[in-house]
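**Student:**
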Amino acid sequence: MPKSILIKEAKEKVKEYNKADIVVGIPSYNNARTISHVVRAVSAGLAKYFSKYNCIIVNSDGGSKDGTPDLFKETIVEDFDTILMEHPVYPVHKIVTPYHGIPGKGSAFRTIFEIGHLLQAKVCAVVDSDLRSITPEWLEALIEPVLFHGFDFVAPLYQRHKYDGTITNSIVYPLTRALYGKRIRQPIGGEFGISGNLVSFFLKNKKIYYTDVARFGIDIWMTTTAVACDFKICQSFLGAKIHDPKDPGTDLVSMLSQVVGPVFNLMETYNDSWSEVANSVPVPEFGFKFEVATDPVRVNLERMVESFKQGVSDLVSVWEKFLSGDVLSELRRIASYNVLEFRFPKELWVRIIYDFSLAYHKKVLAKDHILKSLTPLYLGRTASFVNETMESTSSEVEERIESLCQEFEKQRSYLLSKWEK
Amino acid sequence: MSFILISSFFVQFWERLKILSPKVLEFLLIIVLGFVLAWILKVVVREILKTVKFDSLCYRIGLSSALARANVKRTPSEITGLTVYCVVIFLTLLVSLSSLNIRAVDQMASSFLVYLPRFLIAVLVLIFGYLLAGFVGRAILIALVNAQVKSAKPISIAVHVLILILFLAMGIEQLGIAKGVVVATFSILFGGVVLALAIAFGLGGKDMAKDFLEKRVKSSREPKKKPDEFSHI
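Chains A and B, in that order, are what the protein sequence lines are. The numbers in the working numbering rise by one with no breaks, and the one at position 39 of the first sequence is 728. The numbers in the working numbering rise by one with no breaks, and the one at position 87 of the second sequence is 1529.
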């Protein structure tokens, strides 16, 4: 067990409560607008579905300046009678603590996991603090498969806007599915249910919390580790995912490299595991799926296509070190399209992602340069996706994503043939 | 009479040869041993560098592509091994010549040995400058393209070239070649370029700068264009 990273007050609280069956973690940073709603939903969910269990909610905060931790402490569910048939046996306790280490979600999760581990929790669930659409039922969906069905890892399934989660839809989901053979639709969803056993496993590798995993990379690291190390995995339908608009300061370039970097790193770590996989298979699903209407969103197509075109004109000197001549000439060809005609073929996109992963593996350039030079291509692919699905329904969009996944699986042999050369 | 003269010449030659022959033998021995040592060192260095994957490191940092552009067919490990070989051969020649006790050679050897560390430092400075210029130039290019700055490429090339010039000047200064002239030329050139750019920008871009500032002030008063509303992750 690694040395504790908890502050004195958190340790005292853990000593006071001694043991818990369920720990729900809420990482936060300046989420004053939504934290109260999230805490109310979590408290109600625990009281409604797990009233016989000893539950603790942990807020791991990254130094919010808008009073998020105070709001977390002050929030109480006034009237359980409206939602409960019987009163909980145990009151739901709360721990609020800042986290140590690199600022980011991964460091917050580490603190939550450590508290869960010390309290010998059977289940640890984590939910984002910027959620507007969370309901008490999310807790049931995330915790029940672990507590009653013996699963180790519950990934979320959401109904999202067709343009939401483009990094997930165009890179992370298809790539992890093609590599590890498990169809986990939201590998970086943000809400997870994790068994006590897997929490202890996550805490073993403390070095990982000093990499990009400490930031946006934590979700993909947890999912991939659970899959590659043969833990029992399922996914639960939660409904619509609507969250507070992201901080405009959150830079897409950093976000993309913090997510894709760990995916490529994990390809090195679990090379033995993914090189043996033949096909992808579905994972067990919980929950009742239903259609949810999502608000329309504004997309600046012109800006995305412009970024792609500038990349093609200026970054060829970087890409030519690991992309072949035919890929580059194909990129030049599609760069000549105007905004509304703009299309980025899926075959080309898959080939590019595999070539980037190979360049990362073979260390053709500094890793940071490889990852950051992906941004204009990603924006190009996103613009094409928006163009292709402008009139599509959500099920038609899912079909397109499915077809992209199949392309990733089809070209997998290309990746394997080049990996060790 | 002539016989006596010839015989005395041969006697003297023999006497000289008797004195010189151990030195000549020493000279030849040093040469042979030097060549053998140089060859062994070349092989050892090359193999060690191959074992520690020096070639892939050079490929990663762009040195291999620079060599390929210069039409050099050998790998970086081989080139380093060959450099070690040449240095050892050169040192061997100096040591062997100094064993003959020829004053001019002695002076040349000692001044070369004094100069050698400066030469090696200059080479290291140039290599480091080359790598740094490539790395920084590429990082700036990628950052500016991602920020959608239109003149990303010329800016990154300018930074690349400036770093190269800076390290070239440092290398030449280390070698001690026309020290004052190099530093002065570099200062004048660098200062001149900056001044020329400032004047050109100030005069040529007067209207542009005015428009730019006006637009900035205007746009700060107007509501900003809203960003995309969808979440990437």
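Beta carbons are placed, not taken as given, at the ideal position from N, Cα and C, and that holds for glycine. Quantities reported herein were computed from a predicted structural model and do not represent experimental measurements.
Cβ of isoleucine 856(A) less than 7 Å from any chain B Cβ?
**Tutor:** Along the first sequence, one-based indexing puts residue 856(A) at 167. Cβ-Cβ to chain B under 7 Å: yes for isoleucine 856(A).
**Student:** Would you list, in chain order, the members of the region 1035-1066 of chain A that have their beta-carbon closer than 9 Å to a beta-carbon of chain B?
**Tutor:** Lys1051, Lys1052, Val1053, Leu1054, Ala1055, Asp1057, His1058, Lys1061, Ser1062, Thr1064 and Pro1065
**Student:** Suppose only complete runs of 3+ residues qualify. What are the beta strand (DSSP E) ranges in the region 870-902 of chain A, listed by chain order?
**Tutor:** 881-884
**Student:** Are the CB atoms of glutamine 848(A) and valine 972(A) nearer to each other than 7 Å?
**Tutor:** As a first step, residue 848(A) must be located in the first sequence, where it is residue number 159. As a first step, residue 972(A) must be located in the first sequence, where it is residue number 283. Glutamine 848(A) is not a Cβ neighbour of valine 972(A), given a cutoff of 7 Å.
**Student:** So, with DSSP's three-state summary, where would you put proline 787(A)?
**Tutor:** The sequence position of residue 787(A) within the first sequence is 98, counting from 1. Proline 787(A): strand per DSSP, three-state reduction.
**Student:** Quick one: which chain A residues come within Cβ less than 7 Å of glutamine 1590(B)?
**Tutor:** Translated into the one-based positions of the second sequence, residue 1590(B) becomes position 148. Here the neighbours are Glu995, Ser996 and Gln999.
**Student:** Look at the alpha carbon of aspartate 759(A) and the alpha carbon of alanine 721(A), and state the distance between them as a whole number of angstroms.
**Tutor:** Residue 759(A) sits at position 70 when you count from the first residue of the first sequence. Residue 721(A) sits at position 32 when you count from the first residue of the first sequence. Going from the Cα of aspartate 759(A) to the Cα of alanine 721(A) covers about 9 Å.
**Student:** Report back the beta-carbon spacing between arginine 1089(A) and valine 970(A) to the nearest angstrom; my notes put them in contact at under 8 Å.
**Tutor:** For the purposes of this step, residue 1089(A) is taken as the residue at position 400 of the first sequence. For the purposes of this step, residue 970(A) is taken as the residue at position 281 of the first sequence. The Cβ separation is near 21 Å, so there is no contact.
**Student:** Assuming glutamate 1077(A) and arginine 1032(A) form a contact by the criterion Cβ under 8 Å, report the distance between their Cβ atoms to the nearest whole angstrom.
**Tutor:** Translated into the one-based positions of the first sequence, residue 1077(A) becomes position 388. Translated into the one-based positions of the first sequence, residue 1032(A) becomes position 343. Their Cβ separation, rounded to whole angstroms, is 7 Å, which keeps glutamate 1077(A) and arginine 1032(A) in contact under 8 Å.
**Student:** In terms of alpha-carbon separation, which member of Phe953(A), Gly805(A), Pro792(A) and Gly795(A) lies closest to isoleucine 784(A)?
**Tutor:** Taking the first residue of the first sequence as 1, we reach residue 784(A) at position 95. Checked all of Phe953(A), Gly805(A), Pro792(A) and Gly795(A); the closest Cα to isoleucine 784(A) is Gly805(A).
**Student:** Please report the distance separating the alpha-carbon of lysine 1010(A) from that of aspartate 1044(A).
**Tutor:** As a position in the first sequence, residue 1010(A) is number 321, starting the count at 1. As a position in the first sequence, residue 1044(A) is number 355, starting the count at 1. Rounded to the nearest angstrom, the two C-alpha atoms are 10 Å apart.
**Student:** What are the residues in the region 813-833 of chain A lying within 9 Å of chain B by C-beta distance?
**Tutor:** none
**Student:** Reducing DSSP to helix, strand and coil, say where isoleucine 1448(B) ends up.
**Tutor:** Within the second sequence, the letter at position 6 stands for residue 1448(B). Correct three-state label for isoleucine 1448(B): helix.
**Student:** How far does the alpha helix (DSSP H) with proline 1034(A) in it extend, from its first residue to its last?
**Tutor:** For the purposes of this step, residue 1034(A) is taken as the residue at position 345 of the first sequence. Where proline 1034(A) is concerned, there is no enclosing alpha helix (DSSP H), because DSSP gives it neither an H nor an E.
**Student:** Within 10 angstroms of its Cβ, does phenylalanine 739(A) collect 16 or more other Cβ (buried), or is it exposed?
**Tutor:** Against the first sequence, residue 739(A) aligns to sequence position 50. Its Cβ being crowded by 16 or more others within 10 Å, phenylalanine 739(A) is buried.
**Student:** Cα separation between alanine 1480(B) and alanine 1575(B)?
**Tutor:** Against the second sequence, residue 1480(B) aligns to sequence position 38. Against the second sequence, residue 1575(B) aligns to sequence position 133. Using only the alpha carbons, I get a separation of about 33 Å.
**Student:** What first and last residue would you give for the beta strand (DSSP E) that runs through phenylalanine 926(A)?
**Tutor:** Taking the first residue of the first sequence as 1, we reach residue 926(A) at position 237. Where phenylalanine 926(A) is concerned, the enclosing beta strand (DSSP E) stretches over 922-929.
**Student:** With 16 as the cutoff for other CB atoms within 10 Å, does phenylalanine 842(A) come out buried or exposed?
**Tutor:** Here the question's residue 842(A) lines up with position 153 in the first sequence. Classification for phenylalanine 842(A): buried.
**Student:** Using a Cβ cut-off of 8 Å, pull out every chain B residue sitting near leucine 1004(A), in sequence order please.
**Tutor:** In the first sequence, the residue the question calls residue 1004(A) occupies position 315. Neighbours of leucine 1004(A) on chain B, chain order: Leu1583, Ile1584 and Val1587.
**Student:** Buried or exposed, going by whether 16 or more other CB atoms sit within 10 Å of the CB of serine 1556(B)?
**Tutor:** Residue mapping note: residue 1556(B) aligns to position 114 of the second sequence, counting from 1. With the sequence shown as reference, residue 1556(B) is identified as valine, and serine is not the correct amino acid for it. Valine 1556(B) comes out exposed.
**Student:** For threonine 1525(B), count neighbouring C-beta atoms within 10 Å of its own C-beta (all shown protein chains included) and say buried if the count is 16 or more, exposed if not.
**Tutor:** On the second sequence, residue 1525(B) is found 83 positions in, with the first residue counted as 1. So threonine 1525(B) ends up on the exposed side.
**Student:** Taking the alpha-carbon positions, what's the leucine 1470(B) to arginine 1545(B) distance?
**Tutor:** Walking along the second sequence from the start, residue 1470(B) turns up at place 28. Walking along the second sequence from the start, residue 1545(B) turns up at place 103. Approximately 19 Å between the Cα atoms of the pair.
**Student:** Below 8 Å on the Cβ atoms is my contact criterion, and I expect histidine 1058(A) with isoleucine 1584(B) to pass it. Report the Cβ-Cβ distance as a whole number of Å.
**Tutor:** Walking along the first sequence from the start, residue 1058(A) turns up at place 369. Walking along the second sequence from the start, residue 1584(B) turns up at place 142. Histidine 1058(A) to isoleucine 1584(B), Cβ: 6 Å. Contact.
**Student:** Looking at the C-beta of aspartate 853(A), does it have a partner C-beta in chain B at a distance below 7 Å?
**Tutor:** Taking the first sequence and counting its residues from 1, the one referred to as residue 853(A) is at position 164. Yes, contact with chain B.
**Student:** Note down, one range per segment and in chain order, each alpha helix (DSSP H) of at least 4 residues found wholly within the region 1483-1549 of chain B.
**Tutor:** Listed in chain order, they are 1496-1502, 1505-1511 and 1518-1540.
**Student:** Taking the alpha-carbon of isoleucine 715(A) as reference, which of Val1007(A), Asp817(A) and Gly906(A) has the nearest alpha-carbon?
**Tutor:** In the first sequence, the residue the question calls residue 715(A) occupies position 26. That would be Asp817(A), whose Cα lies nearest to the Cα of isoleucine 715(A).
**Student:** Run through the DSSP bridge pairs and tell me what proline 971(A) is partnered with.
**Tutor:** Position 282 of the first sequence holds residue 971(A). In DSSP, proline 971(A) forms a bridge with Arg872(A).
**Student:** Reducing DSSP to helix, strand and coil, say where serine 717(A) ends up.
**Tutor:** Position 28 of the first sequence, counting from 1, holds the residue named residue 717(A). Strand, per DSSP.
**Student:** Indicate the three-state DSSP secondary structure (helix, strand or coil) for leucine 1574(B) in the structure shown.
**Tutor:** Translated into positions along the second sequence, residue 1574(B) becomes position 132. In the displayed model, leucine 1574(B) falls within a helix according to three-state DSSP.
**Student:** Proline 1518(B): buried (16+ other C-beta within 10 angstroms of its C-beta) or exposed?
**Tutor:** As a working note, residue 1518(B) is residue 76 in the second sequence. That one is buried.
**Student:** Suppose you measure from the CA of aspartate 750(A) to the CA of aspartate 1003(A); what does that come to, to the nearest Å?
**Tutor:** Residue numbering aside, residue 750(A) sits at position 61 when the first sequence is read from its first letter. Residue numbering aside, residue 1003(A) sits at position 314 when the first sequence is read from its first letter. Cα to Cα, the separation comes out at about 41 Å.
**Student:** Flag alanine 1575(B) as yes if its beta-carbon sits less than 7 Å from any beta-carbon of chain A, otherwise no.
**Tutor:** Taking the second sequence and counting its residues from 1, the one referred to as residue 1575(B) is at position 133. Judged by the 7 Å Cβ criterion, alanine 1575(B) is not in contact with chain A.
**Student:** Suppose contacts are defined by Cβ-Cβ distances below 7 Å. Is isoleucine 860(A) in contact with aspartate 908(A) by that definition?
**Tutor:** Mapped onto the first sequence, residue 860(A) falls at position 171. Mapped onto the first sequence, residue 908(A) falls at position 219. Cβ distance not < 7 Å, so isoleucine 860(A) and aspartate 908(A) don't count as in contact.
**Student:** Does the Cβ-Cβ distance between proline 845(A) and glutamine 875(A) come in under 7 Å?
**Tutor:** The residue you call residue 845(A) lines up with position 156 of the first sequence. The residue you call residue 875(A) lines up with position 186 of the first sequence. Yes, these two residues count as a Cβ contact at 7 Å.
**Student:** Any idea if tyrosine 899(A) is buried or exposed, counting beta-carbon neighbours within 10 angstroms, 16 or more meaning buried?
**Tutor:** The residue labelled residue 899(A) in the question sits at position 210 within the first sequence. Exposed: under 16 other Cβ atoms inside 10 Å.
**Student:** Got a sec? Which residues, its chain only, sit under 6 Å from arginine 1101(A) by beta carbon, not counting five neighbours each side?
**Tutor:** Residue 1101(A) sits at position 412 when you count from the first residue of the first sequence. Only Ala867 meet the Cβ criterion.
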